[in-house]
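Okay, structure first, notes after.
There are 2 protein chains.
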Amino acid sequence: MTEAEIIQRFFQVPAQGISDPDLLLGIGDDAALIQIPEGQQLVVSSDSMVIARHFVAETPGYDLAYKLVTVNVSDMAAMAATPRWMTLNLSLDSVDEAWLKAFSEGLFAAAKHYAVTLVGGDVVRSGELNLGLQIMGTVAAGKSLQRSTAQIDDDIYVTGSLGLAASAVACLKQHGNDHEKLTAAQSLALYRPNINLDFARGLVGLSHAAMDLSDGLLLDLQRLCAASQVGAVVQLEQLPLADSVDELMALTGGEDYGLLFTASPAAAKELATLAAEQACVIHCIGSITKDRELNLVRDGLRQAIPTSLGFDHFK
Amino acid sequence: MTEAEIIQRFFQVPAQGISDPDLLLGIGDDAALIQIPEGQQLVVSSDSMVIARHFVAETPGYDLAYKLVTVNVSDMAAMAATPRWMTLNLSLDSVDEAWLKAFSEGLFAAAKHYAVTLVGGDVVRSGELNLGLQIMGTVAAGKSLQRSTAQIDDDIYVTGSLGLAASAVACLKQHGNDHEKLTAAQSLALYRPNINLDFARGLVGLSHAAMDLSDGLLLDLQRLCAASQVGAVVQLEQLPLADSVDELMALTGGEDYGLLFTASPAAAKELATLAAEQACVIHCIGSITKDRELNLVRDGLRQAIPTSLGFDHFK
Chain R
0 MTEAEIIQRF FQVPAQGISD PDLLLGIGDD AALIQIPEGQ QLVVSSDSMV IARHFVAETP
60 GYDLAYKLVT VNVSDMAAMA ATPRWMTLNL SLDSVDEAWL KAFSEGLFAA AKHYAVTLVG
120 GDVVRSGELN LGLQIMGTVA AGKSLQRSTA QIDDDIYVTG SLGLAASAVA CLKQHGNDHE
180 KLTAAQSLAL YRPNINLDFA RGLVGLSHAA MDLSDGLLLD LQRLCAASQV GAVVQLEQLP
240 LADSVDELMA LTGGEDYGLL FTASPAAAKE LATLAAEQAC VIHCIGSITK DRELNLVRDG
300 LRQAIPTSLG FDHFK
Chain W
0 MTEAEIIQRF FQVPAQGISD PDLLLGIGDD AALIQIPEGQ QLVVSSDSMV IARHFVAETP
60 GYDLAYKLVT VNVSDMAAMA ATPRWMTLNL SLDSVDEAWL KAFSEGLFAA AKHYAVTLVG
120 GDVVRSGELN LGLQIMGTVA AGKSLQRSTA QIDDDIYVTG SLGLAASAVA CLKQHGNDHE
180 KLTAAQSLAL YRPNINLDFA RGLVGLSHAA MDLSDGLLLD LQRLCAASQV GAVVQLEQLP
240 LADSVDELMA LTGGEDYGLL FTASPAAAKE LATLAAEQAC VIHCIGSITK DRELNLVRDG
300 LRQAIPTSLG FDHFK
């Protein structure tokens, strides 16, 4: 197969299930052409996934593609944006038609689920499988959430539960990457984290700051605090641990892809209403402090901070 | 170094030399936030470069980064767009500070030259060096060039000369990737192809169809013809061969990064004026035909088509 044939057969899907009057020109030219609706701003993010680093070779192509879209959609949720378009940089170490078919199906299933259209990218040969995806979304002018605007005395919230994806990774490691050993819940947490875009957009006006949980609660919270020039205290007994997840995994395990956000205590009731309306489970796990430290507290007593706060590729 | 330190030290350059009122939020949050000026459309493209496929390990980091930006800017030129913003997906097999410094310098030198701002991306660990870059530009509504709109009897033009980058690749291959063996012209052709954005934008209204030359003249011309549902005849004696480049290399060698475009013969005088004004060398190399074939002609006689029309990763 030539590059053009791979693109045409697996990626140039004429009707991706989404009608998009703003996409003026999609796959097939030197670039895609997009009309940004009036009053909207462009939101852009990009995340790569590399074999043996972000996923094991045994990961089904469908799941891999679905997750690649999902982790990028997660960044859109963190900005309260609506994901719209994406480009794919696919580096293939081999051309396996069955794998490409599964990958393509997973990609377009996720694209349909989150209403994102593939508008371009490239397919190249490489020595190892490397997936780069860039996502573009829109947000009404001035209506995005950011991580640098947390305020002192804000409550700190997370959506969903913590640590289940990390426990899935640990389970795979323990069992030679045998996916049969994963519980259904672990498999869902690892490959189908659900991004609640309606809830995220509902946070605008209620939440002061938000980001997505990708590298571990403590590391991500530290980043939010650094960007906002504040500190935080986390109440350990309030952490929503997933079943069979220990506290350390919940604090430092990555890949949760829930939202971490802060809001004034005065917004608590409205937040609870929004969460109920959008079927989103939220937990208040602590509060933002003036002193720029990260503190863990259990039953009023300060606890030691884990040596590693989360996942870093280069540490 | 942590991932955050690599980003901060080498990529989060506060003043990239470009004042950009449309960039509302750059590197550091979950996503970048961009205001598209009124009346402008968004143009999006993405190209990867993988070690041992697109470049040799001996390629200096500065040159590699400069070229990565350039090949993406080339796609913007092909649409007559103005490049504005880019995201970088950098997969590193090692953390070499000197290399990262050189890469960063090359990236920002090219970014400054073409007035593009790095707005996001990610840095991950990998087993081999893999560079993904997505570029975003703007174009006035309805003023982009496309490859699917060539018209029968159009003249076919190329900018610059053909085959010099391919001859540089051949030279490196012949001499064990010793960069000292490259002539200055070869080195420039391979690592600093000059994208003439003013000329490209000037083509709007004069040219019917355009694309950039990346994989070899014949393969790219075949793509333009297929998209436009036309054919082409190339007059071999009119090919602008670079010094010491043979005809086959000019026809099928990739990486020229000039423009391939078509225009009505009636536009020839205006095109010559534009080319002179923008210091762009252009050559008419043939014409668009109704029958959907690719034909090579020398002195009125049909010549054989090369077996391989250009570069394909998967053939």
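Going down the list, the sequences are from chains R and W.
Position 311, counted from 1, in the first sequence is what numbering that gives the first Met the number 0 calls 310; the numbers after and before it change by one each time, with no gaps.
Position 247, counted from 1, in the second sequence is what numbering that gives the first Met the number 0 calls 246; the numbers after and before it change by one each time, with no gaps.
We put the CB at the ideal spot given by N, CA and C, even for glycine.
Predicted model only: the values in this text are computed from it and were never measured.
| Does the count of Cβ pairs from the segment 147–166 of chain R and the segment 238–249 of chain R closer than 8 Å reach three? | By the Cβ rule, the segment 147–166 of chain R counts as touching the segment 238–249 of chain R, because three or more pairs are nearer than 8 Å.
| alpha helix (DSSP H) runs wholly inside the segment 181–216 of chain R, at least 4 long, in chain order | Counting only runs of 4 or more residues that sit fully inside the segment 181–216 of chain R, the alpha helix (DSSP H) segments are 183–190, 196–201, in chain order.
| Rounded C-alpha distance that separates Asp318 of chain R from Trp98 of chain R | Any question about residue 318 of chain R goes unanswered here, given that chain R covers just 0 to 314.
| Test item: CB-CB of Ile35 of chain W and Thr137 of chain W under 9 Å | Reading the second sequence from its first residue, position 36 is the one you call residue 35 of chain W. Reading the second sequence from its first residue, position 138 is the one you call residue 137 of chain W. Yes.
| said: With a threshold of 9 Å between beta-carbons, can Leu240 of chain W be considered close to chain R, or not? | reply: Counted from its first residue, the second sequence places residue 240 of chain W at position 241. The Cβ of Leu240 of chain W sits no closer than 9 Å to any Cβ of chain R.
| query | Between Val280 of chain W and the rest of its own chain, which residues show a CB-CB distance below 8 Å, the 5 nearest in sequence each way excluded? | reply | Here the question's residue 280 of chain W lines up with position 281 in the second sequence. The beta carbon of Val280 of chain W sits closer than 8 Å to the beta carbons of Thr158, Gly159, Ser160, Pro239, Ala274 from its chain, once the five residues preceding and following it are set aside; these are given in chain order.
| request: Identify the contact partners of Gly120 of chain W in chain R, using a Cβ-Cβ distance below 7 Å as the criterion. | output: Within the second sequence, residue 120 of chain W is the residue found at index 121, counting from 1. Near Gly120 of chain W (Cβ distances below 7 Å), the residues of chain R are Ser45.
| message | Under DSSP, the alpha helix (DSSP H) around Asp282 of chain W begins and ends at which residues? | response | In the second sequence, the residue the question calls residue 282 of chain W occupies position 283. The identity of residue 282 of chain W in the sequence shown is His, whereas the question assumes Asp. First-last for His282 of chain W: 281–288, but that is the beta strand (DSSP E), not the alpha helix (DSSP H).
| Across which residues does DSSP place Thr69 of chain R in a beta bridge pair? | Taking the first sequence and counting its residues from 1, one reaches residue 69 of chain R at position 70. DSSP, once it has assigned bridges, lists no residue as partnering Thr69 of chain R.
| Of the residues W:Glu246, W:Ala278, W:Phe310, W:Thr182, the one placed nearest Ala325 of chain W, counting alpha carbons only | For chain W, the structure presents residues 0 to 314; residue 325 of chain W sits outside this window and is missing.
| field | First through last residue of the alpha helix (DSSP H) which encompasses Ile5 of chain R | value | Translated into the one-based positions of the first sequence, residue 5 of chain R becomes position 6. Where Ile5 of chain R is concerned, the enclosing alpha helix (DSSP H) starts and stops at 2–5.
| request: Determine, using beta carbons only, whether Trp98 of chain W comes closer than 9 Å to chain R. | output: Within the second sequence, numbered from 1, the residue matching residue 98 of chain W stands at position 99. Interface residue (Cβ-Cβ distance to chain R less than 9 Å): Trp98 of chain W is not classified as such.
| Where Gln228 of chain R falls, given that 16 or more other Cβ within 10 Å makes a residue buried | Numbered from its first residue, the first sequence carries residue 228 of chain R at position 229. Counting Cβ neighbours within 10 Å, Gln228 of chain R comes out exposed, since fewer than 16 surround it.
| At which residues does the beta strand (DSSP E) containing Ala249 of chain W begin and terminate? | The residue you call residue 249 of chain W lines up with position 250 of the second sequence. Counting along the chain, Ala249 of chain W sits inside no beta strand (DSSP E); it lies in the alpha helix (DSSP H) bounded by residues 246–251.
| request: Please state whether DSSP places Leu300 of chain R in a helix, a strand or coil. | output: Numbered from 1 along the first sequence, position 301 holds the residue referred to as residue 300 of chain R. Strand, per DSSP.
| said: Taking its Cβ as the centre, do 16 or more other Cβ atoms sit within 10 Å of Thr58 of chain W, making it buried, or is it exposed? | reply: To locate residue 58 of chain W, count along the second sequence from 1; it is residue 59. It counts as buried.
| Cβ contact (3+ pairs, closer than 8 Å) linking the segment 191–207 of chain W and the segment 64–80 of chain W | Yes: at least three Cβ pairs fall under 8 Å.
| request: Assuming Leu259 of chain W and Ser206 of chain W form a contact by the criterion Cβ under 8 Å, report the distance between their Cβ atoms to the nearest whole angstrom. | output: Against the second sequence, residue 259 of chain W aligns to sequence position 260. Against the second sequence, residue 206 of chain W aligns to sequence position 207. Between the beta-carbon of Leu259 of chain W and that of Ser206 of chain W there is about 10 Å, and that puts the pair past the 8 Å contact cut.
| said: Once DSSP output is grouped into helix, strand and coil, what is the label at Thr116 of chain W? | reply: If you number the second sequence from 1, residue 116 of chain W lands on position 117. Strand at Thr116 of chain W.
| What number of angstroms, rounded off, separates the C-alpha of Ala209 of chain R from the C-alpha of Ala77 of chain R? | Here the question's residue 209 of chain R lines up with position 210 in the first sequence. Here the question's residue 77 of chain R lines up with position 78 in the first sequence. In a straight line, the C-alpha of Ala209 of chain R is about 6 Å away from that of Ala77 of chain R.
| Residues bridged to Trp84 of chain R by DSSP? | Stepping through the first sequence from its first residue, residue 84 of chain R is reached at position 85. Assignment of beta-bridge partners to Trp84 of chain R by DSSP yields R:Thr116, R:Met135.
| message | Within 9 Å of any Cβ in chain W, is that where the Cβ of Ser55 of chain R sits? | response | Working through the first sequence from its first residue, we reach residue 55 of chain R at position 56. In the sequence as presented, Ser is not what sits at residue 55 of chain R; that position holds Val. No, Val55 of chain R does not count as interfacial toward chain W.
| query | Counting along the chain, where does the alpha helix (DSSP H) carrying Thr261 of chain R start and finish? | reply | On the first sequence, residue 261 of chain R is found 262 positions in, with the first residue counted as 1. First-last for Thr261 of chain R: 258–262, but that is the beta strand (DSSP E), not the alpha helix (DSSP H).
| task | Verify the CB distance criterion: does Glu254 of chain R have a CB-CB separation below 9 Å to chain W? | result | Within the first sequence, numbered from 1, the residue matching residue 254 of chain R stands at position 255. At a cut-off of 9 Å between beta carbons, Glu254 of chain R makes no contact with chain W.
| Excluding sequence positions up to five away, which residues of its chain have a Cβ less than 6 Å from the Cβ of Val296 of chain R? | For the purposes of this step, residue 296 of chain R is taken as the residue at position 297 of the first sequence. Excluding positions up to five away in sequence, the list reads Val232, Gln234.
| message | Please confirm whether Ser90 of chain R has its beta-carbon closer than 9 Å to some beta-carbon of chain W. | response | In the first sequence, the residue the question calls residue 90 of chain R occupies position 91. Closer than 9 Å: yes.
| said: Run through the DSSP bridge pairs and tell me what Arg124 of chain R is partnered with. | reply: By one-based count along the first sequence, residue 124 of chain R stands at place 125. Arg124 of chain R is bridged to R:Leu91.
| task | Answer yes if the segment 116–132 of chain R comes into contact with the segment 83–102 of chain R, meaning at least three C-beta pairs across the two stretches below 8 Å, and no otherwise. | result | At 8 Å Cβ cutoff, the stretches touch.
| For Glu37 of chain W, which option in W:Asp311, W:Asp21, W:Gly299 has the closest C-alpha, if you only look at C-alpha atoms? | On the second sequence, position 38 is the one that residue 37 of chain W refers to. Looking only at W:Asp311, W:Asp21, W:Gly299, the smallest Cα-Cα distance to Glu37 of chain W is reached by W:Asp21.
| task | Measure the alpha-carbon distance for Asp121 of chain W versus Pro305 of chain W and round it to whole angstroms. | result | What you label residue 121 of chain W is simply residue 122 of the second sequence in a count that begins at 1. What you label residue 305 of chain W is simply residue 306 of the second sequence in a count that begins at 1. The straight-line gap from Cα to Cα measures roughly 41 Å.
| field | Pairwise C-alpha distance: Ile50 of chain R and Glu179 of chain R | value | Here the question's residue 179 of chain R lines up with position 180 in the first sequence. Here the question's residue 50 of chain R lines up with position 51 in the first sequence. Taking the straight line joining both Cα atoms gives about 20 Å.
| For the candidate residues R:Asp154, R:Ala109, R:Val115, whose alpha-carbon lies nearest to that of Ala265 of chain R? | Along the first sequence, one-based indexing puts residue 265 of chain R at 266. In this structure, R:Asp154 is the residue among R:Asp154, R:Ala109, R:Val115 with its C-alpha nearest to the C-alpha of Ala265 of chain R.
| message | Just to confirm the assignment, what range does the alpha helix (DSSP H) spanning Thr148 of chain R have? | response | Within the first sequence, the letter at position 149 stands for residue 148 of chain R. Premise fails: Thr148 of chain R is in no alpha helix (DSSP H) and is neither H nor E.
| message | Can you find the residues in the same chain that come closer than 7 Å, C-beta to C-beta, to Leu223 of chain W, ignoring five residues on each side of it along the sequence? | response | Numbered from 1 along the second sequence, position 224 holds the residue referred to as residue 223 of chain W. For Leu223 of chain W, where only same-chain residues beyond five positions count, the Cβ hits under 7 Å are Arg146, Ala149, Ala208, Met210, Leu259.
| Taking all protein chains shown into account, do 16 or more other C-beta atoms lie within 10 angstroms of the C-beta of Leu109 of chain W, making it buried, or fewer, making it exposed? | On the second sequence, position 110 is the one that residue 109 of chain W refers to. Strictly speaking, residue 109 of chain W in this sequence is Ala, with Leu absent from that position. Buried: at least 16 other Cβ atoms inside 10 Å.
| task | Rounded to whole angstroms, what's the CA-CA distance from Ala3 of chain W to Leu218 of chain R? Just pull it up for me. | result | By one-based count along the second sequence, residue 3 of chain W stands at place 4. By one-based count along the first sequence, residue 218 of chain R stands at place 219. Inter-residue distance for Ala3 of chain W and Leu218 of chain R is about 11 Å (C-alpha atoms, whole angstroms).
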